[in-house]
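**Student:** First to last, the protein sequences are chains B and A.
Residue 383 in my numbering sits at position 347 of the first sequence, and the numbers go up by one each step.
Residue 908 in my numbering sits at position 209 of the second sequence, and the numbers go up by one each step.
Just so it is clear, CB atoms sit at the ideal spot from N, CA and C, and this is done for glycine as well.
If you're wondering where the values come from, they're calculated on a predicted model, not measured in any experiment.
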Amino acid sequence: MSPEPLVETVALSKEFPLPRTVTETFHRRPARAVHAVDSVSLALQPGETLGLIGESGSGKTTFGWLLSRLHDATSGEIRFDGQEIGRLTGAALRAWRRNVQVVFQDPVGSLDPRLKVWEIVAEPIRVQEKLRGGSSPSRGEMRARVQATLPQVGLPPDCLDQYAHEFSGGGRQRISLARAFSVDPRLIVLDEPTSALDVSVQAQILNRLVDLQRARGLAYLLITHNVAAVRFAADRVAVMYLGQVVEVGDVRAVLDAPVHPYTKALIAALPRTDPSRRHARYRITGDIPTLIDPKPGCRFAPRCPFAKEPCRLADPPLRPAPGASGHLVACVRAEEVGAIPPSALLESAEAPPTGVEPAVAAPGRPGSSVS
Amino acid sequence: MGRSLEDLAIFVGKRLLQLLPVLFGVIVLAFLITHVAAIDPCPRWYPKAGHATIMHCEAQFSRPVPVQFYDYFTQLLSGNWGTSQSGDPVLPHILAGVPATLELVLASLFLMIVIGIPLGVLGAAYAGRWADHLVRIFYLSGWATPTFVGAILVVYYLAPTLGLPTSGVYSAAPPFPERTHMSVVDALLAGNLPYTVDALKHLVLPAAVLAFINMGIATRMTRASMLEVLPLDFVRAARMKGLSNFVVLYKHALRNALITTTTVLGVTAGGLLAGTVVIEEIFQWPGIGAYAYVSLGATGVPNFDGAIAVVVVFALGVVLANLVADILYGILDPRVEWR
């Protein structure tokens, strides 16, 4: 690992205030807030892919949008290349945007239905050239540039004048990729880039992403439900639960030898294709607690079978997990819990992301109450 | 079916053909309403007139309604739009009035677009906040104002404060011929700048009242469709490109939101035309709205032929406005095919 991260967040938090109720106004109590992202500190090295997994509502997407400055953080810092960018505004922010691009989940909603393919891909280039004070390339030059980039994302070069609605879901997602890559960013936030696509197309898009990363050396934040996709494409993975990172480390270490009880449950909930390798189900009971003004203490404690008194006192800090280096876990009982033999959890699956293992956050079968 | 010019021509042709039955229906209804509503009208219209006048009137109106309609309709097909009871032909009034009304309607449509739509964007961008509430108060008060109340209030209170004229199209008879019967256009064609300014001053109040009353629909539709578009990811993607908030709102989001607004503005044409009847009468605007007011007997004997003619022209206006909106809809949205 290089010492200087490309992007680093320090105790990054985002709260969405709720409208004050009548009683709150009457008693002059402060408005309550949804703590979507709660004090998250993560770092991405240049050229690295960090997977971000967790169930719906765990704050993955909000974190991605904070990194790309689509949301403004409530508190905490974002350092990009050592520079604090959390407070950039106006033209400085707009010029900075060339460094980070986002690929969104919804292939339909993420493309302007009124623009042609070449206009979608060319606009970021034009805007950024202008912000740098350069002269805007001519229309013909721009079309040529766009045409040259289309094959890199697997689009035919002659689709310049088509509209987004003329493409399939995979084709649209490729246009999104072309748009994101057009300004040569250093980080792309991939917000569930494949979850709306069918299985064969998912693999194509992921392969394309990996190839482009090798060629260009940029970093990805891969936000997904799909653990198989993370195993395939990511170098490291962070697991989020209720706005906090509970475990982070190398993909192998975290997915094959999870330490945090929540990660264990998440991995155990993955359905196995091979019945002989099915493992004892690891159950979590209870509902997911609310994100509105959470109580201090481990967020997972109310549902955790290993929770004890110290868990409920204060937020557990991320600290090195026993054993592997660079593997951090936010559990005060990591040593004891990590040592508990997680029955059949230790099998490794080298399968490419065929999508056979569906979204982790989907509720398990009747009878299992994981997540 | 597709998006070529040929498809557009076929689309327009079909729609114009559909116009014919609509117009026939409108003529039948207008004729029936005018002729059935007044039972034995002649003695009432001419209470003090001599026997000859009443007999002349009876000769026309005591025949069976279908026979009257047949006569009227065959006349109309031969290009004769009829006369008033006093023998004043209808067609010249219509020909001179339509451009004047069109000028008024287009001016107020223009105001609805340049004021109403940005207000809708403002309301959506600040949804639920003070700016949004102020916008809502503004357009709802317009919507809730009866046309005659709004017009009279403006004439009595606003016009003297602003020093704007409240009647007619020019302050003095123009020294140039009124070729198009659109006051501003005529003055411009004559190259007469003072008269152009004068015509604009006369235009602004009636157009503003008409716009204020009908603006709500444009603002509300824009706000609603902006709220549908703003959460879409392509708006975020536009922001990620480094575009300023203004460009994101007005270029990417509004252009997509306008698709709905355009359709609704086409439908609003009917409301605008209906509003002209009262507005033109109060502001003494020489359009067909004022002519409709006179034809309906407000100032004497009703003029059935004139009233039907105005209804037909209004119907034509509404249908054509919707056709224009549909064509614009296709131009704005590349996903639409003309058929």
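#1: Hey, is A/ALA1044's beta-carbon within less than 8 Å of any beta-carbon in chain B?
#2: Can you check whether the CB of B/VAL225 is closer than 8 Å to the CB of B/GLN164?
#3: Which residues of chain B have a Cβ atom closer than 8 Å to the Cβ of A/ASN955, listed in chain order?
#4: With a cut-off of 8 Å, does the C-beta of B/PHE52 fall near any C-beta of chain A?
#5: Kindly indicate if chain A contains any beta-carbon less than 8 Å away from that of B/GLY83.
#6: Scan the segment 127–142 of chain B for residues whose Cβ lies nearer than 7 Å to a Cβ of chain A and list them as they occur along the chain.
#7: Which residues, taken in chain order from the segment 163–192 of chain B, show a beta carbon closer than 8 Å to some beta carbon of chain A?
#8: Please specify which runs of the alpha helix (DSSP H), each continuous and at least 4 residues long, are wholly inside the segment 296–363 of chain B, giving them in chain order.
#9: With a floor of 4 residues, list each alpha helix (DSSP H) that falls wholly inside the segment 918–988 of chain A, ordered by position along the chain.
#10: Just the Cα atoms here: how many angstroms apart are A/ILE738 and A/ASN1002?
#11: Going by Cα to Cα distance, which pick from B/ALA131, B/LYS152 and B/TYR199 is closest to A/SER943?
#12: Bridge partners for B/LEU258 per DSSP, in chain order?
#13: By how many angstroms is the C-alpha of A/ARG1038 removed from the C-alpha of A/LEU971?
#14: Identify whether B/MET178 lies in helix, strand or coil by the three-state DSSP scheme.
#15: Hey, does B/PRO341 have any beta-carbon neighbour from chain A nearer than 8 Å?
#16: Taking all protein chains shown into account, do 16 or more other C-beta atoms lie within 10 angstroms of the C-beta of A/GLN774, making it buried, or fewer, making it exposed?
#17: Would you kindly work out how many angstroms separate the C-alpha atoms of A/PRO959 and A/MET920, rounded to a whole number?
#18: Among the candidates B/GLY190, B/VAL136 and B/LYS152, whose CA atom is the shortest distance from the CA of B/HIS201?
#19: Taking the alpha-carbon of A/LEU803 as reference, which of A/VAL966, A/ALA1008 and A/LEU909 has the nearest alpha-carbon?
#20: Taking Cβ positions only, does B/PRO160 come closer than 8 Å to chain A?
#21: Within 10 angstroms of the Cβ of B/PRO41, are there 16 or more other Cβ atoms? Answer buried if so, exposed if not.
#22: Is it right to say B/PHE116 is buried, meaning 16 or more other beta carbons lie within 10 angstroms of its own, or is it exposed?
#23: By DSSP, does B/HIS71 sit in helix, in strand, or in coil?
#24: Can you name the start and end residues of the alpha helix (DSSP H) that A/ALA729 belongs to?
#25: With a 10 Å radius around its C-beta and 16 neighbouring C-beta atoms as the bar for buried, classify A/HIS901 as buried or exposed.
#26: Can you grab the Cα-Cα spacing for the pair A/VAL725 / B/VAL237, in whole Å?
#27: In angstroms with no decimal places, state the Cα-to-Cα distance between B/THR97 and A/PHE837.
#28: Under a CB-based cut-off of 8 Å, is A/ALA923 close to chain B?
#29: B/TYR256 CB to nearest chain A CB: under 8 Å?
#30: Count the other CB atoms within 10 Å of the CB of B/SER174; is the residue buried (16 or more) or exposed (fewer)?
#31: Which two residues bound the contiguous alpha helix (DSSP H) that contains A/ILE812?
#32: Just how far apart, CA to CA, sit B/GLY190 and B/LEU78?
#33: Any C-beta of chain B within less than 8 Å: which residues of the segment 932–945 of chain A qualify?
#34: Chain B partners of A/ARG1034, CB-CB under 8 Å?
#35: Name the chain B residues whose beta carbon is nearer than 7 Å to that of A/HIS951?
#36: Quick check on the DSSP output: the alpha helix (DSSP H) that includes B/ARG250 runs from which residue to which?
**Tutor:** Working from what's here:
#1: Coverage of chain A is limited to positions 700 through 1038, which leaves residue 1044 of chain A absent and any answer about it impossible.
#2: Sequence index remark: in the first sequence, residue 164 of chain B carries index 128 (1-based). Sequence index remark: in the first sequence, residue 225 of chain B carries index 189 (1-based). Contact annotation: B/GLN164 and B/VAL225 have beta-carbon atoms that are not nearer than 8 Å.
#3: For the purposes of this step, residue 955 of chain A is identified with residue 256 of the second sequence, where counting begins at 1. Near A/ASN955 (Cβ distances below 8 Å), the residues of chain B are ASP148, PRO149 and ARG150.
#4: In the first sequence, residue 52 of chain B corresponds to position 16, counting from 1. So, not an interface residue.
#5: Here residue 83 of chain B is taken as the residue at index 47 of the first sequence, counted from 1. At least 8 Å separates the CB of B/GLY83 from every CB of chain A.
#6: Listed by position along the chain: ARG130, ALA131, ARG133, ARG134, GLN137, VAL138, PHE140 and ASP142.
#7: Here the close residues are VAL163, GLN164 and LEU167.
#8: Considered as a whole, the segment 296–363 of chain B harbours 297–304 as its complete alpha helix (DSSP H) runs of no fewer than 4 residues, in chain order.
#9: Runs found: 932–939 and 953–981.
#10: Residue 738 of chain A sits at position 39 when you count from the first residue of the second sequence. Residue 1002 of chain A sits at position 303 when you count from the first residue of the second sequence. When rounded, the distance between both Cα atoms is 15 Å.
#11: Taking the first residue of the second sequence as position 1, residue 943 of chain A is located at position 244. The option with the nearest alpha carbon to A/SER943 is B/ALA131.
#12: Position 222 of the first sequence, counted from the first residue, corresponds to residue 258 of chain B. Bridge partners of B/LEU258 according to DSSP: B/GLY87 and B/LEU226.
#13: Numbered from 1 along the second sequence, position 272 holds the residue referred to as residue 971 of chain A. Numbered from 1 along the second sequence, position 339 holds the residue referred to as residue 1038 of chain A. Spanning the two alpha carbons is a distance of roughly 28 Å.
#14: Within the first sequence, residue 178 of chain B is the residue found at index 142, counting from 1. In the displayed model, B/MET178 falls within a helix according to three-state DSSP.
#15: If you number the first sequence from 1, residue 341 of chain B lands on position 305. For B/PRO341, the answer is no, since every Cβ of chain A falls outside 8 Å of its Cβ.
#16: Within the second sequence, the letter at position 75 stands for residue 774 of chain A. With fewer than 16 Cβ atoms within 10 Å of its Cβ, A/GLN774 is classed as exposed.
#17: Here residue 959 of chain A is taken as the residue at index 260 of the second sequence, counted from 1. Here residue 920 of chain A is taken as the residue at index 221 of the second sequence, counted from 1. What sits at residue 959 of chain A in the sequence shown is Thr, not Pro. The straight-line gap from Cα to Cα measures roughly 7 Å.
#18: Start at 1 with the first residue of the first sequence, and residue 201 of chain B comes out as number 165. It is B/LYS152.
#19: Position 104 of the second sequence holds residue 803 of chain A. That would be A/LEU909, whose Cα lies nearest to the Cα of A/LEU803.
#20: Taking the first sequence and counting its residues from 1, one reaches residue 160 of chain B at position 124. Yes, because at least one Cβ of chain A sits closer than 8 Å to the Cβ of B/PRO160.
#21: Position 5 of the first sequence, counted from the first residue, corresponds to residue 41 of chain B. Only buried fits B/PRO41, as 16 or more other CB atoms lie within 10 angstroms of its CB.
#22: Taking the first residue of the first sequence as position 1, residue 116 of chain B is located at position 80. Counting the other CB atoms within 10 Å of its CB gives B/PHE116 a total of 16 or more, which places it among the buried residues.
#23: Start at 1 with the first residue of the first sequence, and residue 71 of chain B comes out as number 35. In the three-state scheme derived from DSSP, where H, G and I count as helix and E and B as strand, B/HIS71 is classed as strand.
#24: Indexing the second sequence from 1 puts residue 729 of chain A at position 30. First-last of the alpha helix (DSSP H) with A/ALA729: 704–736.
#25: The count along the second sequence starts at 1 and reaches residue 901 of chain A at position 202. Using a 10 angstroms sphere on the CB of A/HIS901, the tally of other CB atoms reaches 16 or more, which defines it as buried.
#26: In the second sequence, residue 725 of chain A corresponds to position 26, counting from 1. In the first sequence, residue 237 of chain B corresponds to position 201, counting from 1. Rounded to the nearest angstrom, the two C-alpha atoms are 56 Å apart.
#27: As a working mapping, residue 97 of chain B is identified with position 61 in the first sequence. As a working mapping, residue 837 of chain A is identified with position 138 in the second sequence. Here the alpha carbon of B/THR97 sits roughly 38 Å from the alpha carbon of A/PHE837.
#28: Residue numbering aside, residue 923 of chain A sits at position 224 when the second sequence is read from its first letter. At a cut-off of 8 Å between beta-carbon atoms, A/ALA923 makes no contact with chain B.
#29: What you label residue 256 of chain B is simply residue 220 of the first sequence in a count that begins at 1. Answer no: the Cβ-Cβ gap between B/TYR256 and chain A never drops below 8 Å.
#30: Your numbering for residue 174 of chain B matches position 138 in the first sequence. By the neighbour-count rule (16 or more Cβ atoms within 10 Å), B/SER174 is not buried but exposed.
#31: As a working note, residue 812 of chain A is residue 113 in the second sequence. Run containing A/ILE812: none; DSSP gives neither H nor E here.
#32: On the first sequence, position 154 is the one that residue 190 of chain B refers to. On the first sequence, position 42 is the one that residue 78 of chain B refers to. Taking the straight line joining both Cα atoms gives about 32 Å.
#33: Against chain B - using a Cβ distance shorter than 8 Å - the residues of the segment 932–945 of chain A are ASP932, PHE933, ARG935, ALA936, ALA937, ARG938, MET939, LYS940, GLY941, LEU942 and SER943.
#34: Position 335 of the second sequence, counted from the first residue, corresponds to residue 1034 of chain A. When 8 Å is used as the limit between beta carbons, A/ARG1034 is near these residues of chain B: PRO149, TYR199 and HIS201, in chain order.
#35: Here residue 951 of chain A refers to the residue found at position 252 when the second sequence is read from its first residue. Within chain B, the residues near A/HIS951 are ASP148.
#36: On the first sequence, residue 250 of chain B is found 214 positions in, with the first residue counted as 1. First-last of the alpha helix (DSSP H) with B/ARG250: 235–252.
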